[in-house]
Structures are given as C-alpha cells and as structure tokens.
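Residue numbers (full-length UniProt numbering), protein chains in the order written: chain A, 1 to 137; chain B, 1 to 136; chain C, 1 to 502; chain D, 1 to 91; chain E, 1 to 767; chain F, 1 to 158; chain G, 1 to 117.
Accompanying notes for the structure given below.
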Amino acid sequence: MKTIILKTASNYLLPVLLLFSVFILLRGHYLPGGGFVGGLVAAIAFVLDAFANGLQNTKQVLKIHPGFFMPVGLAIAFLSAISPILFADLPLMTGLWAHEPVPVLGKIGSALFFDTGVYLVVIGAALTIIFTISESA
Amino acid sequence: MTDVLIYIFATLGTLFALLAAIGIIRMPDTYLRISVNTKAATLGVGLLLGAAAVYFYDFSVTTRVQAIVIFILLTAPVGAHLIGRTSYFLGNKLWDGSVIDDLKDRYNKSTHELKSDPEQVEENNSKQDSKTDRNA
Amino acid sequence: MTNHVIILPLIVNLLFSIILMFFWRNINFQKLFSVIGNAIGLGVAIYVFTHVYQNGTQVVEAGNWEAPFGIVFVGDMLAATLVLLTAISGLAVSIFSSISVINARLRFGYFSVFQFLLLGLNGAFLTGDIFNLYVWFEIIIISSFVLISIGGEKNQLEGAVKYFALNFFASMIFLTALGVLYGLAGTLNMADLAGKVQSIENRTLVDVCAVLFLVGFGIKSAIFPLYFWLPASYHTPPSAVSAIFAGLLTKVGVYALIRVFSMIFEIDVFLQNLLIGLGILTIFSGGIGALTHTNIRKVFSYLIICHIGFMIGGLGLFTKVALTGVVFYLIHDIIVKTNLFLIAGVIYRIKATTNMNKIGGLYANYPKLSLLMAIPLFSLVGVPPLSGFWPKLSLILASFSEAQYWYFGALIFGSFITLFIIARLWSKAFWKDQPEFKRERKFIYFYELRPFQKLQFIMPIMLLTFVSLYIGFGANHIQELSVRIAEEITNKDLYIKAVLNP
Amino acid sequence: MTLNDYLYYVILPLLSLAEILVFIRFIKGPSIIDRVVALDLLITIGIGIIAIYSIINNQPTFLDIAMILALIAFLSTVAFSYYLEKRNKND
Amino acid sequence: MLEAVLVGFIFAILLVFVGRWFRGPIAVVSALIPIGLFVYFLWHIGGISAGDVIYESYRWIPSFGVNLSFKLDGLSLLFSLMITGVGSLVFLYTAAYLKGHKYLDRFYGYLSLFMAAMLGLVLSDNLISMFVFWELTSISSFFLIGFNNDSKASRQSALVALGITGLGGLLLLGGALLLGFISGTYEISEMLTQSDVITQHPYYALAAILMFGAAFTKSAQFPFHFWLPGAMKAPTPVSTYLHSATMVKAGVYLLFRFSPVLGQTELWHTTLISIGAITMLYSAIHIIFRTDLKGILAYSTISALGILVFLIGIGTEAALIAASVFIVVHALYKASLFLITGIIDHETGTRDITKLTGLRKVLLPVAIAGFIAALISGGVPPSIGFVGKDLIYEATLHSNNAVLLTVLAIATNALLFYGGFVAGVKPFMGQLPKKFEKIHLPSPLMWLPPLIMVTAGIIFGIAPGLVETTFAQPIVNVMFTSAEDVHLKLWHGFNLVLGLSALTLAVGTILYFLLKPTHQKETFISQFNFIAPKDLTLKLSDGFEWFGHIWTGYFQNGYLRHYLSIVVGFIILLLGYLLLFDFDLDIDYASLARITVYEIAIVLMMVIAIIFTVFTKSRLAAVAAMGVVGFAFSLFFLFYSAPDLAMTQFSVDTLTVILFVLVLYKLPTYLKLTNDKIRIKHGILSLSLGGLITILILKVLNEPKNTEITDFYAENAYKLAHGKNIVNVILVDFRGIDTMIEISVLVVAALGVFGLLKLRLKTKDKK
Amino acid sequence: MKTQFLSNILLMLIWVFLTGSYTFENFSFGFILSFLILWIISRKTDQNKYYKILPRIIGFFFFFLWEMIKANIQVAIEVITPTHNMKPGIVSVPLDAKTDVEITFLANLITLTPGTLSLDVSTDRKVLYVHSMYVHNKQEFIDDIKNGFEKRLLAILR
Amino acid sequence: MELLLAIITGLLYAAGIYMIMRRSIVKLILGIVLLGNGVNLLIFLLGRITKGEPPIISDSDKILEGIFADPIPQALILTAIVISFGLQSFAIILVKRAYKVLKTDDLDQLNTTDEDS
Ligand code: NA
Ligand code: NA
C-alpha cells in the first residue's frame, strides 16, 4: 500500500514489536507468554512491515530467508531436548538448570533454550507461510 | 483518594467507550463512524487503563499501561487512516449532509495515486462506477 | 545408566529431518542422506527391537518426570515391532523415492517431510500418553497432507482436498474424545488411564468416549463407513508416497485402536458387536470396491480397506488368538501393502498408466520382474505359505471359538475376493497382450533407464519381498512374536506395572 | 457500594452494553468497512474491559493480554484495507 | 519324503534362473525327476502292502501346531504313484508336444511345482500343511490353464478355475481349522482317533459342509463342475495330468482320507451319494452333446469323479474298494485318451470329432492305444476297467438304495462307455480324409506314454492281484480298522454283477452306434446354457459386480459432503444410541447456569457471530465475523483464568484472518448453492451432532474430576521446574515433547505451503 | 549515527519499562537487545533531531490534551443528541510538513482529535486530505490546523 | 455459564460441520476453523472452568494453593491451537491452489478421483 503514514508508523512499530516479542518470550516461564506467542508477535511485526513497505523491503531487512529460522529453531529445541542425554545421562527433555540465577533472565535452564527454539520456529513458519502467499497472490 | 481517582477514571472511560459505541451506531456514514470511534474509544480506553494503573499503583503495571496507551495512540489513527482511504476507494458515499468533498476524482483508479490538485486528474476516472463490497 | 534406547528412532528421525532441511536445495545430498538416515534408522530399529525382545517392556520418562506426571515413552513388543516395520518400509520407500520422485518435488523438502512422517509414526507407536499420541498423529497427518498434495496437479489436488477434510475431521473427533476422557479421568497417561477409567461409575460416558475414539481412529484406519477419503486420494500422489501411506498410515490407526481398546477401554458386548459388525462391513465394502475398479492403485486402495476389516473384526473378538491374528496380519500387511504400491509405481514407470485395461504383456516382457511382483501379490492373497496366510488361521480359529460366523464368512469372502481380484489383475496386466500402445511424449520409460536406476526401482521391492518371504516361511518366529504381543495386549497389567512402578 | 461492586455491577455492564452496540453495527454493516471498523472498536473496548477485569480480580497479569490486543488488533485492519484496496485495484 | 516333495519345488525355482537351458531338446531331462520319484515310491510298495506306514515329521510352525508331517500309507502311496507315474509320462510327452516352445522352461517349472504340491497334498498328515499344498495345486493349475495367456479364453478359464477351486480352498481352510479346533490337533492321524468326538460335536455339520465344499469344488462336482471343461483351454499335457489324473482327484482324496473321521453319518452318506449321483449322470449325459474331443473327455472325467464321490458316499468296504480301483482305472484310460487327443490335435490341428476319421492309417500305434483305452473305459474284459465296473455294481447292490443306485450306475457307465469309444475309437475308424494323408507318426515320446498306460491297464486286468496287493488292500486297511481281506478277480462266475456288466456293454455299444456326435446336438444343448450352473454362476457374479457398482457408487460418489454426512450420521447414530437410550439428564442445572451480564454480552456476540459466519453471503464478512468469534474466545479465556490461551488465541486468530484475506481475493465469491432440501438435511445433521455434544458436555460436567496430576503441577512447577506460569512450565517441561512435535507440525505446514505454492510441475513426467 | 543511537536508547528504555526491573544489568541487556534489533532491521532512514525537544513536547502534550477534551465534548453532544447538526466534508489541507515523520505525526494527531480524520496524503505530499465533522468554513478549518497542530509539531520535529 | 457454553460448543460443532458440508471451498475452510474452536472450547469446559484464578504462582509463593484453574487443559488447547493453525494455513493454501488448478471452488466438481480411471 502506498501510504507514507503507514510506512512511517510501521518503521517505529517494527522494533517496538520485536522488542515486545522478546519480552513475551523471556517472561513466559513466570507470567503469561512464552515462545509461541512471542514468535507470533515477532512474525506479525514483520508482516506489518511487509504490508507497509512491500515484501521485498521486509525480506531485505530480514537478510535471510525466513524459512531458515525453522531448522535453526528446531535444531535449538532439539539440542536442548537431547542435551540431558548427551551431557547428563538423564532422560530426554529433562530440565538442566544453572545453579546461579542470571541477571534479567532469572534462573536459566534448558527450558529457556527450548522456548527460544519454539520462538524461532514460529517466526520462521509463520513468515514462510505468509510471505509465500503474498508472493504468489 | 486512589479510590476516588479510580471511580473517576473508570466512569469517564466507560462513558467515552459508550460514546464511541453510540457513535458508531448513530453516525450516518462510514467516515463519521471511523472518526467518532477512533478518538472516543482511544480516550475511553486510556482512562480505563489509567484506572488500572492507579489501582495497582505499581511501577511495572504503570509502565505497562503507558506502553499500551502509546501503542493505541500510535496504531489507532494509522488504522483509521487506512480504513478511511480504503472506504473511499470502495466508493462508500459521504453522508447526504456533507458540505464538501475535496477528494472527489483525485484518486487514479488504477494506480491509486492521489493528486494534490484537481487539474492533475485524468478524465477517464469519471466513467468508472463506484463499487461496494461485491460479496455483500 | 539411564536407558535411552527406545527413543533412539525418534532422535534419528528428527535429527535427519533437521539436517535435510539445512541442505534444502542440494538434491543429491538429500537423496544420499535420506537413504543413509533411513539405513541408520533401520539399524536403530533393529537394536530397539532386539533390546525390547530381550529385556521386556522399556520405559523412558521424558523430562525425568515420574509417570503419570510427564510424558512417557513405552517400548513394548508391539511398539518395537511396529517401529521395526516402519524402518523397513521407510528405507525401501526412501530408496524408491530417490529415483521415482522427480527432482522438482525433492527440491521442496520432500525427504525432510518424509522423515517427519516417519518420526510421527515412530512417536505414535512409542508414546505412552494419549494426548501425546494426538500430537504424533498430527505430525503424521500434516506430513501426509504435504506429501499428498505437493506438486499437485488436478486429481492430486482433488484427492488432497478430500483427504484433508476427512482427516482433519478425524483429528477433531480424536480431540473431542480426549477432552471427554480428560474431563472424566483427569489424566492422560495411558497406564494411569487404565485404572482411572475403570473406576468411573457412569459407564455410558465411558462408552461414548470409546466410540469417539473409535470414530476418530476409524477414519484414519479407513473402516466402514468412514473410509471414503482413502479411495478418493491414495491413487493420486507419486507411488512412493502412496506406498508409505498404504503401508503405515491406516495401520497406525489400527495400532491406536488396539492400544486404546486394550489399555483404556474394556471391550464390552456393545463395543464387540460394533467392532465386529464394522469389520465385516469394511471387508465387504473394500472387497467389492476393489472388484469394481480397474486402476491398479485404486484396486489396491480398496484392498487396503478390505484387509483393515480383518483386523478390526479380530480386535472386536479380543481373544488372545484373535489378537495374535490381528498382530500377525498387521505385520504382514504393512510390508505387503507398501510393496504393492511400489510395484504399481514400477508398472507405471513401465507403461505410463496403471489402468489394467490399458496395459498388458508384463509377463512376456519382464518375466523375472513379474515373478518378483507375483510374490507380494500372492502374499497379499494369502496363498500359503506366503505371509498373508498365517494370520488368517488365528482369525478364523478365533471366529470359531467365539461363534462369530458372520465374521468367519466375511474372512472367507474377503480372502476369496482378494484372490479373485489379484488373479484378474495378473490375467489382465501380466498375461494379456499389450493393447494398442501410444507412447507418451516426455515420459521416461523403464527400459530407457540406466541399469543403476532400474536397480533403484527394483531394490526396494526386493527388500520388501524378502521380508514378506521371511514372514511367510519363518512364520513360526512371527507367530511366536504375535503370541507374545497378544499376551501383552490382553494382560495390560504388565504394561501398567512397567510404566507406573519402574 | 464498594469499588469492586461498582466496577462489577455498573462499569462492566455498561462496557458490555457498549460492546453489544458495536456488535450491532458489525452485523448491520452495511459495508465491509463498517464491519472492520466495528471489529476494531470491539477490540478496543475489550481492552478497557480487560483493564477493569484485572482490577476486579486483582490480577495485573491480565493487562498483558490487553497489551497483545492493543498491538496486533491493528493488523487485522491493515490486512482488510490491504485486501480491499488490492482487489479494487486489480479489477 | 520331505525330499521327495521338495525336489519339485527346488527344480521349479531353479528354472527361474537357469530356464534358458531347458528350452531346447535337453528339456526332456526334466522327466528324470518324476521318474526318479516314481521309482522311489515303487520301492515302498512292498513295505506298505505288508502293512507298514511310513511317517516323518518336521517342525515347521510349532506355534500353530503346523508340522510338515508326511505319512505314506496305502492311500497316499496310490496317489503318489499316480502322480509320479502319470507325471513321468506327461513330462516325457511334453518334451515332444511343446518342442521348441519359447516358454517350455516355464511349462516344466509349473508342472514340477504342481507335481510337488500334489505330492505334498497326498502325503501330508497335517491338515494345515495339506491345505498349503492344496492351494499350491490351485495356483499352479491357474498358471497352467493360463499358459497360452495371449488367448482371452485361456485367461478367462484360468480365472474361473481359480475362482472355484480357490473358494473351495478357503472352505477347506475353514474346515481344517474347525476340525483342529474341535479335536485339538491338525494331525490327521490323531484326528482319526477322535472320530467320535468330532462327529458328535455341535460344529460337526459345519465342519463336514466346509470339507464337502472343498472336495466338491476341487473335484468338479455339480454344481461347481463347470470350471473343468473350461480348464481344457490348457495345453493337453495339463489336461491329462491335472484335470483328469491327479489334481481333480484331490477332492476325492480328501473325502477318502476323511471318511474314517467324518464318515458314517447320515449327512455324510446322503450328501455324497446325491451329489455324486447327480454329477455322474448329469455330466455323462452331457457327453452326448459334445463334439470337441477334450470336451467329451472333460465331461466323462466329471462323471467319473461323480462316481468316485458316489462310491465314497456309499461308504461300505465294497464301495471303497471299488472307488480305489476305479481311481486307477480312470487315471489309466483317461490320461491315455487325453494324450491321444493331444496327438490328434497336434497332428491334425483339430479336435472336432465330426471331422476326425480314419486316422489309424497314419497313426497306428496311437489307434491301438486308443482302442485299448476305450476298452478299459468301457469296462470290457480283460481290462482292469472290467474289474472296476464289477466292483461298482458290487457296491451299489449292497447299499441301502440298491435298485436306484444301481440303475444310476448302469446309466452312467453306459454313457461313459459311449464316451470312451467316441474319444478312443471313433477318430481312427472309417475313411481317412485327404487332408490328413500327409500326417506322420510323431515322436515316440508322444505315442509311447499312452501305450504304456493302456498296457498297464490290460496287465492289471489280467492279474488283478497286483492291484489287490499294491493298493486296494492297503487302502482298505487305512479306511477300516478291522478290514476284511480284499480279493479281486477278473472272473466271478455268472452272477448278477456279470449280467449288469453285460447290460452296460450292450447299452453302451448301442449308444455308440446310435448316437453320432453332431454340431446340431451341441447347438441344441447350448440352448439350455442359461439354466446351467456355469451361466447361473456367471450371472450371479455379474449381478454381484453390478451390485458392487451400485454399492460403491452410492458410498463413494465423489462428493465430499456426502462422505461427511455419512460420517456425521454414523457418529450421531452411535452417540444418540448411547446418550439417549436411557435418557436421564439429571444434571445440576443450577450450578451450571450461573451467569453475569458481561458474560451474556460475550455469549450473545459469539452466538450471533457464529450464525452470521454461517449464513452471510459475503466471504469477507464471514472472515470478519470469525475475527469476532476469536475475539470473544480470547475474552472468554481471559475471564476463565487462561491468559496464555487468550493471548495465543488472539494472535493466531489475527494471523488466520491475514491469511484468509491474502488468499480470498484470488477466490471467487460464493455462487453455487446447494438446494434447500440438502441444506435442511445437513442442517438437521449438524444440529443433531451439536446437540449431542452439548448433552455429552453436560453429562461429563456432572461427573467428579480427578485432580491428582494438576495438584502435582501446582505443587512442583516452581520447586522442581523453576517456573511460575504453570501452563508454560507444562509446555516447555512437563509436556515438552508435545511442544517439540507441535513446532515440527508448524515447520511441515510451512514447508507444505511453500512447496504447494512454489512448485510448478511442467512435464507429464511426474511419478 | 545519532538517530540510531537515540533509537537505541529509546528502545532500551522501553525495555526497562516493560520489564519493570531497574537494575544495571537490565539496562545493559536492554541496550544490547535493542542494538541487535536495530542492527537486524537497519535500513536507510531520514535523520532526525532528537534533542532539545523535551520542553516542546510537554507543551505540545497539554495543547493536544486540551484540543482533545474540547472536541470530544463537541462530538459527544453530536452523538447523543437526536438530531445531526454537523456539516461534514473532506477538505484538502496544504502541507508545510515535508518529511515522512512530520507528515505522519501531523496526520495522526489530526485523526486523534475528535471530529477530524486524516484520510490520505497526496502522492506528491503537498496536500493532506482531512475529513471533518464540522466544515463551517473551509479556509478557517485549514488555518486552524496549520496554525495549531502543524506549527507546534514542526517546532518540535525540526 | 457452563450450560450456555455447552450450548455454544454444540453450536460451534454444528456450524463447523454444516460449513464443511457446503459446496464452496472457502466455506470448507471457515467450517474447519469453527470446528477447531468448538473442540478447544469443549476441552476447556470439560477441564472445568474457574473464574479469575489463572494457574500462575504469585511472586511471593512457591506453590499454587487454593482455587485455581486447571492448567492442563490450557496447555493442551494451546498445543491444539498451534497445530490447528498449521493445519488451517495449509488448508487455506491447499484451497487456493486447488482453485487455481481446478478452476472451480465448487466441491461438487471435485469428484473425478472417485471415478474409475
Ligand atoms: Na508453545
Ligand atoms: Na524437564
């Protein structure tokens, strides 16, 4: 859509929404949120940008094909799921927790990595779906 | 003291929300409906959120409320603008009582370019009929 | 030392699906790694099978949460066997895919999705949690949606729409059943459910729940009157895809029915009559469907339905003998049905059509290949001592011992019609002279392939045929295995004990 | 009447009434634009309802949902506009 | 014995790989296998007639109780000798008959496969392994009948034959399993000891009927006989071997074998006698109307099989002796006649009996063989045929219904006499037509085998003691625990039996001279085809196929909504039955009906939005209404303590709306509407299901709920899993696997979308 | 550079507000996170001046609040009273605002004020089309906007 | 409220099924979405609903006590929502593609694969 109002607004909304999405991701373990909603918000941010600036622009912003987020995210989730087997001889998916709480994030553990994987996969999948449709529309 | 503030915020907010609701029911054309709802609702919701901020009286809640209000202030007018211009493309007529329509014939119907003065407009637009949602 | 063995197949599948995604566009790499992945998968599956065979039911508590609080994976003999069969079919189809599926399709993640499909199957077999089973089912159906529709032209898409609509509906029914079950019992662990469902007083609601599961899984396993999606779609995708569908997709439904009706619900008179009645109608409907079609793949599709009826009826009988037959039939059917669709694929490659009225002379032109194909065809029929024969013994015996004459009649009917249909197929496609033949342009015929490519077509068929022959001639091993599985199915305390008191 | 009662028995019903009114516009249309506008307003007032609800239940967490609503409700409007404009242009 | 059975299989399998070598003249070497086996079985005659029974058993599938157990007793020895003996001659004959045929190797492969299966069948003492071999004979017969597979008629006949015998096989399977179920063993010799248990068991009748079904189909008894004339499409060696001498006798063998187990009951006698009688007479009469030599032989074979069944049905010792001798008699003359027919066909190119005359002038040794065969067939002394016929009359005369049965037997025998002479004598008599003058005698490989067989027939006739000691006595020993000694003689002196024999010869001779095979007769009888079992069966099968089309067409009619309505209807049926059958909705409505104003608003919005979605004619409005539904859902989730759900529902809904919007404008508006009738039907269906779901929910809500797991999570989410949002802790920890797979689902969906939209196949080359 | 730095700080603050945790670590984390996001989405944007604007912003805020309340009452009366006394119409308002940001801010503020709605900006950015409920006099209406919102806004943004 | 929600759930099932049985592919998709919502609501209801007590442990506590909503159905529905989203997006695209290739949105025209060929 050729409207500078939307375009300008979206330039500000994009970083804000992305920031918000990370916020939602990180707090998920303690308050409503988590990787899935976070990922959706991030995806929506890019979709908004695509509406305003055109798909090509958004793709340039992303630098890599959104589809690439999927294997990366999946790999992260997969690794955090099997790391207990590899490193601790514990069953699949067992939570591994750092002893000392980390600033900002609180107590850090494999669950967070797992959720990050979810976050990336959701971004990748949602964007792949929507971008593909827009391109072929 | 805080309770009084909450009463006031909540009541005013609700009244503005109701105002927006009545407005969207009563206003005679699409543009007026958009116009009414954008502000009354924004103000109303802002006040209601304010009530929550006062109630919880907690910094993190207050900042969150601020964030929400800023989001709404940012997105509501942009949305109104978008849907308003789209309404014009679709050919939704202005209310009969409207006094002026400077936009008339200034959109190029195929490219959606918008001219700033009437001379630039190509004449072929005039023959195109207005369109409503054909699905309706 | 924690024992992770039974989840290894899942790890291998997921690992390779991720690897294959990373090498998105490199087709040769994908072909190679898909085959390697499936070969490793087979190795792992054999390991899992022998491990369970020697050490009994294995349990892994994911997240180290004691059952019933987390998700458990349970490798009993049934699961381990099905994992093994999945790996065998998976390897065969993967080799077959690498030659028969055109590169354009492979370029869009075919192999990765294929791995996801296998992942879903293995997960469904191994999980001990009913909601988790739903999730595995979903990865199976989404993968199957993708495989059935990708690169779709006209009839493939038509088929895909119906396949989608009905399978989606099945998922919804499954979820509904899950909701009811959770609402009644408050738990999702199957072993835990076994006890808790028993103590529910309102048996009507338990029956309703059972019926919902029956419908949900029934659609997926294509029983009457829920099978319509199958003949509408199975003949439309590439043969490699139909092959894995035919071999495993409906069977996972049967597996789920077995699991649910052995662990969670007791088969009461109502359910028994229902299951047997549906089994009979399924046999009948599938049989006459096959009789009235001439497209080979379609005939095979209806035969899938027909033979599902055998298993459903046997499940309804729910005696140890009947279940032995069901399990044996399941083992046989997975291998043979996969093989049949691969064969249909080769026939298509030879003749550019699978309509048996339009082809002929296969036996004259490809005698050895024809004989190779004859083995699975007649295994399907159950010509003794080939694999399809043995399970019928148990099923028929069980029908006598339970005095289910209609089911006995249906077994005879189903076997007979299968015999007739396969004989007719043989007569038309293999014996008859080739009717006038118009060469398709731009179609690479089988004889034009390089020897190695031909081998890639034939190898998987040989592999599966070899397994079929083993099932037939080594029936004793399979029978003993089936007996052991039937034992485990009917004596659910073993399972419950393994899961809840490790 | 306590604050909670006031919010519960006066404010929430009024906001609900507002929602109903907006919904009537949604049903009436007539143009799709009116429906989109109504949907947007429904959600906006919904944010207000959430704010009041979080006070009543003393659950600040609920405001997070208000935040999500505020952020992405807008996108539906954008999408509809995009669609309507594009369709109109292509004809 | 296992080796004896296996050798044929092994040879058949070898031929698949080294078949090339066996297409030339060397093929005749194959005959060494049956000859060797024949010698092997001859070797055992001594022991067996002395009363030995050789038994071998190998565990095969012990878990089923299936063993490869073999028993060589009088009965199996007789059949084994027949199988290998006739087999040897047929193998030799084939080498000449199909000389130079490009698939000669395959033919030998099938033949050996058949021979091995047949041997296995008669030697098996385990009923299941016997069934295995039984089926293999059907399959090899299928391949042999369809050997000339470029001919449509051949393929058709093969299919019909397999259909009938296959069905019989399945009945045998049922019978076998039922007998095993009753007796607890599949070993036939063990079943023998439980004859009483079996015959008095409530399942006896079913078991017997199943066994009858198997025997009657295999041995071409009326009304299943029609596959056999069709099977004559096979090359002549096949007709000789399978369809006259051996395979068709498998049914008879089965009845023989099981008469000590199942016999001696009213059901047994009545069924076998009546079916046997009908068959023997019905097909004997048919002989008159045939002009194709093979057709004549086929019907006379059926008739002979009828006689055998009939005799077994009578079941006296005399009858069984008669049957066992008649088996040999029949094998000798019928196999010879088939081979002779093959020679005639091979040399003249026709089998039309009306065109064949005077061939003795060019095929003298064949004519001699034919003549002797006719004598044996007609029961003319001193052939063994005479002995056989005497024994038959002996048996009928001492049965319950002596007069009737004897009359039937005489009529049949007279007609068989006629048939034998028409086939064995008529082609050689009279004038030799010009076109046949150039015919030469074929290789001795072809005319020696029939000559050998008929010679044997004469030798046995002259010295019936040979028959007596080698198998008649041993068979009787098998059948009866306290058997009397058997004494076979060519000459019994002047008695009633001799008179009946003479009568038979006389009538037969008169028939031969009176009735000439003509095409008119054949045309005449074909008028009645429509009531013949064959046509009736084919009509039935056509009717079934028609019904199949109707059935399949109804259920699989291509309309998705039809499929869905059946599925939904099915669910309604089941749920309705369960939920409404005992209609007690004792639901605590009061506790379920508490409601507040704002909830009413949401509910109202939801309901109207749902209805609006369904009925609006604008797709965009429908999508927007779904947006409303989604929003109402979010609010609802929020009110009911599910903030995570509210967030997710709302985000997902927004994305879904975007997706819809992006896709919709490429799609057309709703135009086509189903008619009102269908809409109302679907409306009722959907509302019924919806109603049932509502009832179900209310009923479940009335039940108590177990909160063990929930309590565990509430207790341990923070302590053990270090999270405070329990929903999230469940998602990433307690039930993290679910989430892992759930994101995989998303990935696959995205891959699918990508592929679906980006992949465009250009060529036809797509599979 | 400057713009980006400012945006970065701004985002960091938003982060801190969002999380509600005012520790050094959280500031640093917010900074790094914002830096990353800005880096990821970096695109050539117009440079803006972010300093010396605070006082003007505050002034502007109160001005806007006043306008808003005034107009809301007007609209409220219009909505609630049974008759329609309004004279709506679409007016083209010539723009002094030039940059994207200026135009966007102006348009949004106009929209947020009750009774008026920015419909669109001409493609050449010379004119803003505004729908208003009360167009008693076109020129007066234009002047109100130009002297009120636009002037004050540009003072802040330039 | 449960009573009303049970009725709404039934209505969602009915509406979803009715829509899936229409001829237009677009309605098929709408039906799928409605049905999905109905199922989620069913699970939610059957897990028993609790007002205003989300299953979140408060800052000061270590365990969740008293009345609280059952988190399990919520987690299940969340998973189901995500999966449905995947399936629905795929379905939407499938429909689009089917329309493009088959040149019809009429499901009644999609019946050739059930003919013998
Ligand atoms: Na999640
Ligand atoms: Na864990």
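Every residue, glycine too, gets a C-beta built ideally from N, C-alpha and C.
TODO: Compare the Cα-Cα distances from I133 of chain A to each of E:V753, E:P449 and E:A624 and report the closest residue.
DONE: Among E:V753, E:P449 and E:A624, the Cα nearest to that of I133 of chain A belongs to E:V753.
- [ ] Would you please verify whether the beta carbon of G91 of chain B is less than 8 Å from any beta carbon of chain F?
- [x] no
Task: Residues, ordered as in the chain, of the region 288-306 of chain C that lie near chain G by beta-carbon distance below 9 Å - done: T292, H293, T294, N295 and K298
TODO: Report the rounded CA-to-CA distance for I6 of chain B versus L751 of chain E, giving the unit in angstroms.
DONE: Those two C-alpha atoms are separated by around 51 Å.
Task: Neighbour flag for T58 of chain A against chain B, beta carbons, 8 Å - done: Not closer than 8 Å to any Cβ of chain B, the Cβ of T58 of chain A fails to qualify, so no.
Open item on the list: Determine whether the beta carbon atoms of G152 of chain C and R97 of chain G lie at a separation below 8 Å.
Closed with: Yes, the pair counts as a contact, with Cβ atoms nearer than the cut-off.
Task: residue 504 of chain C to T112 of chain G span [Cα, whole Å] - done: This structure gives no information on residue 504 of chain C, because the portion of chain C shown stretches from 1 to 502.
TODO: Could you round the C-beta distance between S138 of chain E and G100 of chain E to whole angstroms and report it? I think they count as a contact, below 8 Å.
DONE: At roughly 29 Å, the Cβ-Cβ gap does not stay under 8 Å, so S138 of chain E and G100 of chain E are not in contact.
Task: CB contact check: A97 of chain F to chain B, cutoff 8 Å - done: False, the Cβ-Cβ gap to chain B never drops below 8 Å.
Task: Cβ distance (whole Å) where L228 of chain E is taken to contact T301 of chain E below 8 Å - done: Contact flag correct, Cβ pair sits at about 7 Å.
TODO: Verify the CB distance criterion: does Y31 of chain B have a CB-CB separation below 8 Å to chain F?
DONE: yes
Task: Runs of alpha helix (DSSP H) lying entirely within the region 246-331 of chain E, each at least 4 residues, in chain order - done: Counting whole runs of 4 or more residues, the region 246-331 of chain E contains the alpha helix (DSSP H) stretches 249-262, 266-288 and 293-314.
- [ ] Compare the C-beta of V101 of chain F against all C-beta atoms of chain A and say whether one is closer than 8 Å.
- [x] yes
Open item on the list: Only counting the same chain, and skipping five residues up and downstream in sequence, which positions put a Cβ closer than 6 Å to that of T319 of chain C?
Closed with: Apart from sequence neighbours up to five positions away, the residues of its chain that approach T319 of chain C with a beta-carbon distance below 6 Å are A398, ordered along the chain.
- [ ] Taking L377 of chain C as the query, report the chain E residues whose CB atoms sit under 8 Å from its CB, ordered along the chain.
- [x] The premise fails here: L377 of chain C is roughly 11 Å from chain E at the closest Cβ pair, so nothing lies under 8 Å.
Open item on the list: Using 8 Å for Cβ pairs, my map puts A95 of chain E next to A27 of chain E. What's the rounded Cβ distance?
Closed with: 5 Å
Open item on the list: Restricting to runs no shorter than 4 residues, where is the alpha helix (DSSP H) found entirely within the region 132-210 of chain C?
Closed with: 154-185 and 190-198
TODO: Check whether the Cβ atoms of S233 of chain C and K162 of chain C sit closer than 8 Å, and answer yes or no.
DONE: yes
- [ ] Assign Y294 of chain C to one of three DSSP states: helix, strand, or coil.
- [x] The sequence shown places Thr at residue 294 of chain C, not Tyr. Correct three-state label for T294 of chain C: coil.
TODO: With DSSP collapsed to three states, give me the class of I32 of chain D.
DONE: helix
- [ ] Would you kindly work out how many angstroms separate the C-alpha atoms of I285 of chain E and S324 of chain E, rounded to a whole number?
- [x] 24 Å
Open item on the list: Quick check on I267 of chain C: does DSSP put it in helix, strand or coil?
Closed with: coil
Open item on the list: Here's the rule: buried if 16 or more other CB atoms are within 10 angstroms of the residue's CB, otherwise exposed. What is A373 of chain E?
Closed with: buried
Open item on the list: Does the contact criterion of 3 or more C-beta pairs under 8 Å hold for the region 34-54 of chain G versus the region 194-211 of chain C?
Closed with: no
Open item on the list: Taking DSSP's pairing of strands, which residues face E61 of chain C in a bridge?
Closed with: Looking at the DSSP assignment, E61 of chain C forms a beta bridge with C:V72.
Open item on the list: To the nearest angstrom, how far is the alpha carbon of M86 of chain F from that of P28 of chain B?
Closed with: 11 Å
Task: Identity of the residue in F:E102, F:L38, F:D100 and F:T113 nearest I73 of chain F by Cα - done: F:T113
Task: Beta-carbon spacing of S63 of chain E, E487 of chain C below 8 Å - done: no
Task: Cβ-Cβ distance between T79 of chain G and D738 of chain E below 8 Å - done: yes
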